[in-house]
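In case it helps, my numbering puts the sequence shown at residues 349 to 752.
Ideal placement from N, C-alpha and C gives every residue a C-beta, glycine not left out.
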Amino acid sequence: MLRPVEAIRADFPAFESTAGEAPPARFDGPGGTQVPRLVIDAVADYLARHNANAHWHFPASERTDALVAAAREAFAAFVGGGPDEIVFGPNMTSLAMHVARGLGRQWVAGDEVVVTGLDHHANVAPWEALVVERGVVLRWWEADPETGALDLEDLPPLLSGRTRLVALGGASNALGTLSDIAATARVAHAHGALLFVDAVHLAAHRSLDVTASGADLLACSPYKFYGPHAGVLWCRRELLEAIEAPRLRPAPSTGPERLQTGTPSFEAIAGGAAAVHWLASLTDAPGGMRDRLVATFTALAAREMALFAHLWDGLGQIDGLRRFGLPPGPGRTATVSCTLAGEAPLATAARLARHGISASHGNFYALTAAERAGVHPDGWLRLGISAYTTHDEVDRALAALAAR
């Protein structure tokens, strides 16, 4: 059983009242969630008691090595892969850029990459750069601009014997639409192409399973699921050893460290692993960490979607408000973007802030999706349901939106 929302909120210092005032209602989770005390303590404890570089033979360094190994085990459980397939970086964008540069070294002019019109540009720009650097041809898999849905039947005509990779977002950070990763992997692999999945938004709302999905690479960011700012890449073992990404000559040439650049943020790694452990603690499900994580995300998805249905229906009652994305259901996450007639998203967000509602605005780096939807350059207002969101907060947000 999933812990009650009030018990979950008690883990977050951000929701402690100050001077008798209620904390803001945080609907900005899709841009970065709040952090539980367990994560804060893990970051502080590492810096206070274990701070040292890795691979040296004194206690603090050995503890750092042990911490990194344990974090790889935690993230392996999180994605459903192996610990020797987990790569750490400063953020998903940097990891994607690094991988693209490494793969691109093995491609030639005329090779092709498929990107979608739905994705955050962290999963577009790295491949787009290879157009200039390597003469790669970019092909666009377009999504429905209103719902963000990708039609799988549109993909095969984009593929050829020269297709080297399909870059897919697991879920839209702007519209919340889920992609069919496994079906996309089957089509890509049938044409000899790799599948790179940007799971940054997906990882906050669904359990990941890289084995079942058929992905070759998958990247996510712990700060979207209650951790610190960092990036995590899962790379299929055989591929990890084959990618020739830029690296320093004395740097490790085998294992996940061959795709890491420089000294990572060990404190962020500690905090990221703590976030995974915190998520696994939210249910009383039996079994190991992987089983508990799956149980947590199954329960969270149901709770979030129930709240989201209330939010979606309420938004539909506000005059002049236009909702984007699919209606509540299994095809989406609990994140919605919208616009209000006669009011720019920035102005709407500022108005909500005066009512104690934190919401994000803009294109959220899903620039192509914003252009296709006709909302560029102002973008959308975005509201996201997180593990700590309450029914009362949804009511407050709806009332604030309607009060203009």
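* Asked: Three or more C-beta pairs closer than 8 Å, one from the region 508-515 and one from the region 450-461: is that the case here?
  -> yes
* Asked: Among residues of its own chain, excluding the 5 on either side of V353, which ones have a beta-carbon nearer than 8 Å to its beta-carbon?
  -> R651, A735, Y736, T737 and T738
* To do: May I ask whether a heavy atom of the ligand ADP can be found less than 8 Å away from the beta carbon of T646?
  => This structure does not include the ligand ADP; it has no bound ligands of any sort.
* Contact check, R585 vs G430 under 8 Å by CB: the rounded distance? -> 7 Å
* **Residue from A567, R357 and T464 with nearest C-alpha to A718** => T464
* Taking the C-alpha atoms as reference points, what is the distance between V548 and A519? -> 8 Å
* Between the region 528-541 and the region 688-699, are three or more C-beta pairs nearer than 8 Å? -> no
* To do: Quick one: give me the first and last residue of the beta strand (DSSP E) that A515 is part of.
  => T511 to G517
* To do: Look at I666 and L700 and say whether their C-beta atoms are less than 9 Å apart.
  => no
* Which of the three DSSP states, helix, strand or coil, is assigned to H811? -> The requested residue 811 does not occur in the structure, where the chain is confined to residues 349 to 752.
* Asked: What is the DSSP secondary structure of R595, reduced to helix, strand or coil?
  -> coil
* To do: Assign P378 to buried or exposed, taking buried as 16 or more other Cβ atoms, counted over all protein chains shown, within 10 Å of its Cβ.
  => buried
* For W728, the residue or residues it bridges with in DSSP -> G710
* To do: Sort D726, R554 and R606 by Cα distance to C583 and report the nearest one.
  => R606
* Asked: What does DSSP give as the partner residues of L566 in its beta bridges?
  -> V545 and W582
* How many Å lie between G766 and F573 at the Cα? -> No answer is possible for residue 766: the residues shown for the chain start at 349 and end at 752.
* Ends of the beta strand (DSSP E) at T644? -> No beta strand (DSSP E) holds T644; the alpha helix (DSSP H) holding it covers M637 to L663.
* Is it true that the region 432-449 meets the region 464-484, where meeting means three or more beta-carbon pairs spaced less than 8 Å apart? -> yes
* **Integer-rounded CB distance, given that R730 should sit under 8 Å from S685** => 5 Å
* Express the C-alpha separation of S442 and D502 in angstroms, rounding to a whole number. => 29 Å
* Asked: Between V387 and G509, what straight-line distance do the alpha-carbon atoms span, to the nearest angstrom?
  -> 46 Å
* Closest by C-alpha distance to E313, when choosing among R357, R351, M349 and L350 -> Residue 313 is absent from the model: the chain starts at 349 and stops at 752.
* **Within 9 Å, strictly: CB atoms of H553 and F712** => no
* What runs of the alpha helix (DSSP H), each 4 residues or longer, lie entirely inside the region 435-485? -> 440-452 and 473-482
* Asked: In whole angstroms, what is the alpha-carbon distance linking D459 and L486?
  -> 9 Å
* Proximity to L565 [Cα-Cα], best of E481, A491 and P604 -> P604
* With T687 as the anchor, note down where its beta strand (DSSP E) starts and where it stops. => T683 to L688
* To do: Give the straight-line distance between the Cα atoms of G664 and F672, rounded to the nearest whole angstrom.
  => 11 Å
* Asked: Among L523, L543 and A408, which one has its Cα closest to the Cα of I529?
  -> L543
* Asked: Out of curiosity, what's the CA-to-CA distance linking A647 and A590?
  -> 38 Å
* Measure the C-alpha to C-alpha separation of L498 and A560 and round it to an integer number of angstroms. => 20 Å
* Asked: Which value, in whole angstroms, describes the spacing of the CA atoms of D546 and L523?
  -> 15 Å
* **Residue from L746, A419, L587 and L669 whose Cα sits closest to the Cα of S706** => L746
* **For F426 and A633, the rounded distance between their alpha carbons** => 15 Å
* A400 and A408 look like a contact to me (Cβ under 8 Å); what is the Cβ gap, rounded to whole Å? -> 4 Å
* Could you work out which residue in W489, Y394, T495 and L655 is closest to L507 when comparing CA atoms only? => W489
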